[in-house]
Each structure stands twice: as structure tokens, then as C-alpha cells.
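Residue numbers (the working numbering): 1 to 136. We put the beta carbon where it would ideally sit given N, CA and C, even for glycine. First the structure, in the form of C-alpha cells, and then the observations on it.
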């Protein structure tokens with residue numbers, strides 16, 4: 001898990017994205033309650049994915065975005081780590097919002113263990129709750 005983040009007090013609402021090459025899970029949460037709610041999965045790639053994300057941003061008006069960054073169990077990076085980081089840079093450039101990266105090892109496995117009907121969105125909620133727990 002990453003060390004606690006330096007997040008301005010004014011940032012209260014967060015939109016989390018569990019990036020995948022074919023699907024991206026979405027969740028929203030807030031600093032006050034420190035909970036996250038799954039909002040579905042974007043089953044699109046490229047510009048269509050960013051259009052759907054833009055819709056979620058317009059709907060929820062987040063102060064920042066949170067993305068899951070996968071690594072091997074030992075913390076070593078792999079190809080999807082690099083893809084997720086590139087996705088984060090694209091989000092920052094397109095939407096002008098701060099983007100926080102969270103270690104997402106086992107988030108999808110945990111979502112499946114919970115019996116989630118939409119494991120991608122549930123994984124995004126797990127990632128966001130991990131992030132919210134690190135905030136002061």
C-alpha cells in the first residue's frame with residue numbers, strides 16, 4: 001500500500017477507476033463518510049471510454065480521480081502497471097483533475113470473493129476505500 005497521500009482538505013469527492021484494457025470499473029466516494037459506491041463498468045476503449053468517463057465526471061463533480069495501479073504480488077511492475085500509469089496521465093491531461101494512484105493488488109479477487117455482480121465496479125470501490133482510509 002502506498003504511504004498516506006497529501007490531499008488538500010478541499011478535496012472531498014473522488015471518482016475511482018479500475019482500469020482494464022477492455023473494461024473500466026467506476027466508483028464514487030467521499031472523504032467525510034470514507035465509503036465508496038460502485039457505479040458500473042465502462043465497456044469501451046479509446047475515445048468512447050473517455051467520453052463515458054467525462055459523463056461520470058459531469059454527473060459526480062469529483063475533486064480528484066483515483067486509479068488502481070496493478071503490480072505483481074511482490075510489488076514489481078509489469079505491462080499493465082505501465083498501461084494504468086499512462087491512463088492516469090491521460091486522465092490528468094484530458095480533465096485537469098488531480099489523479100492519485102493506489103496499489104490495486106487483489107482488488108478484483110476481493111470483489112469476486114464478495115460475490116460482486118459487477119466485479120470491475122466493486123474493485124473500483126475497493127480501491128477508493130483503500131485510498132480514503134489513508135486520508136487524515
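Exposure of residue i, with buried meaning 16 or more beta-carbon neighbours within 10 Å
i, result
"residue 106", "exposed"
"residue 136", "exposed"
"residue 61", "exposed"
"residue 39", "buried"
"residue 89", "exposed"
"residue 59", "exposed"
"residue 25", "buried"
"residue 18", "buried"
"residue 65", "buried"
"residue 120", "buried"
"residue 3", "Annotation note: pLDDT 46 at residue 3 (below 50); position unreliable, no value reported."
"residue 108", "buried"
"residue 115", "exposed"
"residue 140", "What is shown of the chain runs 1 to 136, which leaves residue 140 out entirely."
"residue 111", "buried"
"residue 91", "buried"
Residue i and residue j closer than 7 Å at C-beta
i, j, result
"residue 68", "residue 102", "yes"
"residue 127", "residue 54", "no"
"residue 104", "residue 70", "yes"
"residue 12", "residue 63", "yes"
"residue 132", "residue 34", "yes"
"residue 14", "residue 134", "no"
"residue 43", "residue 125", "no"
Residue i versus residue j - alpha carbon distance
i, j, result
"residue 95", "residue 51", "11 Å"
"residue 118", "residue 41", "7 Å"
"residue 1", "residue 30", "For residue 1, the predicted model reports a pLDDT of 41, less than 50, meaning its position is unreliable; a value from the coordinates is still stated below. Cα to Cα, the separation comes out at about 20 Å."
Residue(s) in a DSSP beta bridge with residue i
i, result
"residue 29", "14, 36"
"residue 108", "In the DSSP output, where bridge partners are listed per residue, residue 108 has none listed."
"residue 24", "42"
*Fully enclosed by the stretch 45-73, which beta strand (DSSP E) runs are 3 residues long or longer?*
64-69
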